[in-house]
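Undergrad: Residue numbering for the sequence shown follows this note's numbering, beginning at 1 and increasing consecutively.
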Amino acid sequence: MDNLNLKNKHIILGITGGIAAYKSAVLARLFVKAGAEVQVIMTPNAREFIAPVTMSALTGKPVVTQFFSANSGEWHSHVDLGLWADAMVIAPATACTLAKMATGVADNMLVTSYLSAKCPVFVAPAMDLDMMAHPSTARNLATLAADGVHIIEPATGELASHLTGRGRMEEPARIAAVLDEFFAAQSADSASLAGKKVLISAGPTVERIDPVRYISNFSTGKMGYAIAAEAARRGAEVVLVSGPCSLPTPAGVRRVDVESAREMLAAVEQDFASADIAIMAAAVADYAPAEYVDHKIKRERDDIDSIALVKNPDIARTVGQMKRPGQLLVGFALETDHGPENAVNKLRSKKLDMIVLNSLSDPGAGFGTDTNKVSIFFADTSRPAVRFELKDKTAVAADILDTIATL
Ligand code: CTP
Numbered sequence: 001m002d003n004l005n006l007k008n009k010h011i012i013l014g015i016t017g018g019i020a021a022y023k024s025a026v027l028a029r030l031f032v033k034a035g036a037e038v039q040v041i042m043t044p045n046a047r048e049f050i051a052p053v054t055m056s057a058l059t060g061k062p063v064v065t066q067f068f069s070a071n072s073g074e075w076h077s078h079v080d081l082g083l084w085a086d087a088m089v090i091a092p093a094t095a096c097t098l099a100k101m102a103t104g105v106a107d108n109m110l111v112t113s114y115l116s117a118k119c120p121v122f123v124a125p126a127m128d129l130d131m132m133a134h135p136s137t138a139r140n141l142a143t144l145a146a147d148g149v150h151i152i153e154p155a156t157g158e159l160a161s162h163l164t165g166r167g168r169m170e171e172p173a174r175i176a177a178v179l180d181e182f183f184a185a186q187s188a189d190s191a192s193l194a195g196k197k198v199l200i201s202a203g204p205t206v207e208r209i210d211p212v213r214y215i216s217n218f219s220t221g222k223m224g225y226a227i228a229a230e231a232a233r234r235g236a237e238v239v240l241v242s243g244p245c246s247l248p249t250p251a252g253v254r255r256v257d258v259e260s261a262r263e264m265l266a267a268v269e270q271d272f273a274s275a276d277i278a279i280m281a282a283a284v285a286d287y288a289p290a291e292y293v294d295h296k297i298k299r300e301r302d303d304i305d306s307i308a309l310v311k312n313p314d315i316a317r318t319v320g321q322m323k324r325p326g327q328l329l330v331g332f333a334l335e336t337d338h339g340p341e342n343a344v345n346k347l348r349s350k351k352l353d354m355i356v357l358n359s360l361s362d363p364g365a366g367f368g369t370d371t372n373k374v375s376i377f378f379a380d381t382s383r384p385a386v387r388f389e390l391k392d393k394t395a396v397a398a399d400i401l402d403t404i405a406t407l
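#1: Looking at the unbroken alpha helix (DSSP H) that takes in residue 100, where does it start and where does it end?
#2: Let me make sure I understand the geometry here. Which of 305, 307, 220 and 266 has the alpha-carbon closest to that of residue 318?
#3: Find out if the Cβ-Cβ distance for the pair residue 263, residue 244 is shorter than 8 Å.
#4: Which term fits residue 341, buried or exposed, when burial requires 16 or more other beta carbons within 10 angstroms of its beta carbon?
#5: Rounded to whole angstroms, how far is the Cβ of residue 198 from the Cβ of residue 275, which I believe are closer than 8 Å?
#6: Inspect the beta-carbon positions of residue 92 and residue 20 and report whether they are closer than 8 Å.
#7: Rounded C-beta distance between residue 99 and residue 127? I'm assuming under 8 Å.
#8: For residue 175, which residues in the same chain have their Cβ closer than 7 Å to its Cβ, ignoring the five residues on either side in sequence?
#9: Ignore the nearest five residues each way along the sequence and tell me which others in residue 320's own chain have a CB closer than 7 Å to its CB.
#10: Around the C-beta of residue 78, are 16 or more other C-beta atoms found within 10 angstroms, so that it is buried, or is it exposed?
#11: Determine whether the beta carbon atoms of residue 9 and residue 80 lie at a separation below 8 Å.
#12: Could you work out which residue in 161, 343 and 33 is closest to residue 173 when comparing CA atoms only?
#13: CA-CA distance, residue 214 and residue 315?
#14: Tell me where the beta strand (DSSP E) around residue 358 begins and ends.
#15: Taking contact to mean 3 or more Cβ pairs, one atom from each stretch, closer than 8 Å, check whether the segment 201-209 and the segment 273-288 are in contact.
#16: Considering Cα atoms alone, identify which of 142, 310, 159 and 139 is closest to residue 129.
#17: Straight-line CA distance for residue 161 to residue 138?
#18: Going by DSSP, what residues sit across from residue 331 in a beta bridge?
#19: Which residue wins for smallest C-alpha separation from residue 179, given the options 268, 155, 312 and 3?
#20: Closer than 7 Å to a non-hydrogen atom of the ligand CTP - does that hold for the CB of residue 284?
#21: Below 7 Å, is the gap between the Cβ of residue 323 and the nearest heavy atom of the ligand CTP?
#22: Would you check if the distance between the CB atom of residue 367 and the CB atom of residue 219 is smaller than 8 Å?
#23: With C-beta atoms as the reference, is residue 48 less than 8 Å away from residue 17?
#24: Confirm, please, whether the CB-CB distance from residue 230 to residue 216 is below 8 Å.
#25: Cβ of residue 282 versus every heavy atom of the ligand ZN: is any distance shorter than 7 Å?
#26: Check for me: the alpha helix (DSSP H) holding residue 42 runs from which residue to which?
#27: When you measure from the CB of residue 362 to every non-hydrogen atom of the ligand CTP, does any distance come out below 7 Å?
#28: Go ahead and label residue 109 buried or exposed: buried means 16 or more other beta carbons lie within 10 angstroms of its beta carbon, across all protein chains shown.
#29: Apply the 10 Å Cβ neighbour rule to residue 345 and answer buried if 16 or more other Cβ atoms are within range, or exposed otherwise.
#30: Could I get the ranges of all uninterrupted beta strand (DSSP E) runs contained in the segment 247-272, with 3 residues as the minimum, in chain order?
#31: Please classify residue 172: does DSSP put it in a helix, a strand, or coil?
#32: Considering just the uninterrupted stretch of the alpha helix (DSSP H) at residue 419, what are its terminal residues?
#33: Would you report the Cα separation of residue 325 and residue 273, rounded to the nearest angstrom?
#34: For residue 309, which residues does DSSP report across the bridge?
#35: Compare the Cα-Cα distances from residue 74 to each of 379, 106 and 62 and report the closest residue.
#36: If I'm right that residue 36 touches residue 58 with Cβ under 8 Å, what's the distance once you round it to whole angstroms?
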């Protein structure tokens, strides 16, 4: 196996304290042979199982275990390592490290680097069969999977305890192949939206009452920003029309800041005609004060017992009417009840091609969270709805764009 897609990749190889650590040497060797640069981070216990000098000789880099180097006083930055890496692989991953990763117990260099890593993370669990079968391990693995960690399932076979069961770390050649396939798919998608223009609305809108007060909603923009980042990564020209949000602009994205629904409509209309795909992820306030009062409304005023409201324009519906053949329009529906029914009604009435439903009643879905759980419905009634598991919003963004690609 040549593992051609590993060439020039930066890989953090995390090693934890388990018998299978001896196989990490073979894994490091396979990565290096395929042309990857490998930085090993060991937990303190891992050093009992394999000598750091073996790993540094194989990788040509000093092994990192401590926050500080005792000899030189040098500070190892987990943040820099996390940014340097294209992928992080923890093999073997013990029950203890999996638990620390799942709960954020950053008491060593490896877990700290994991928490700072911006790259995809893979774990290859290795432990005795009873530990593997314990509900606590299953729970931690499910949490990590929901956080977007790729789990390289352990094999069934003879274990260090001489018992036979599930818990053997996957063979190094297979782990290297998983990484190779992952990078191959990544480079295929990095061009999948090349030449396409994607217009995205995100965040809340803010409707001013007076200079200090407004009507808005709890949207933080995370879902829309994740889609913008993913579309840019796939090579699209991305315009992100954003209501007030405190998120950084994703790399390669042109961001247009707006405040009210009317401003958002104007900005979306500007770019809609030239867009191939429009994804309306904003939580647009449905109503705005009928009148803006240009000075602070005082408490003493006794003539105010209500604020007159007017309906805001429906941005998705407006562009749905402008849609030309070949353009795709995708909307969101955030519902508290009767989700599927309401989503399908919105899909039809706004002339959307596809709608993404997230339900506020699902734990971990909705406003402000880093995760979401969505179902997707199609205008093409011959296509059944697709339901996804609870995932990190980045993974949800990838699912949404993969689904759009099938339209
Ligand atoms: N939308 C929009 N402009 C609005 C309201 C909604 O573009 N004024 C878009 C949203 O970005 C989303 C979809 O329409 O893609 C559905 O939004 P949602 O707030 O769930 O639905 P509403 O149409 O506002 O209906 P309701 O508030 O009654 O549920």
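Each residue gets a CB set at the ideal place from its N, CA and C atoms; glycine is no exception.
TA: Quick look at the numbers:
#1: 95-103
#2: 266
#3: no
#4: exposed
#5: 7 Å
#6: yes
#7: Not quite, the Cβ-Cβ distance comes to about 11 Å (not below 8 Å), so this is no contact.
#8: 27, 89, 91, 124 and 152
#9: 329, 350, 351 and 352
#10: buried
#11: no
#12: 33
#13: 20 Å
#14: 354-359
#15: yes
#16: 159
#17: 21 Å
#18: 280 and 355
#19: 3
#20: yes
#21: no
#22: yes
#23: yes
#24: no
#25: Among the ligands in the structure shown, the ligand ZN does not appear; only the ligand CTP can be found there.
#26: Premise fails: residue 42 lies in the beta strand (DSSP E), 37-42, not in any alpha helix (DSSP H).
#27: no
#28: buried
#29: exposed
#30: 253-257
#31: helix
#32: Missing from the structure shown is residue 419; the chain here goes from 1 to 407 and no further.
#33: 11 Å
#34: 289
#35: 62
#36: Not really, about 12 Å apart at Cβ, beyond 8 Å.
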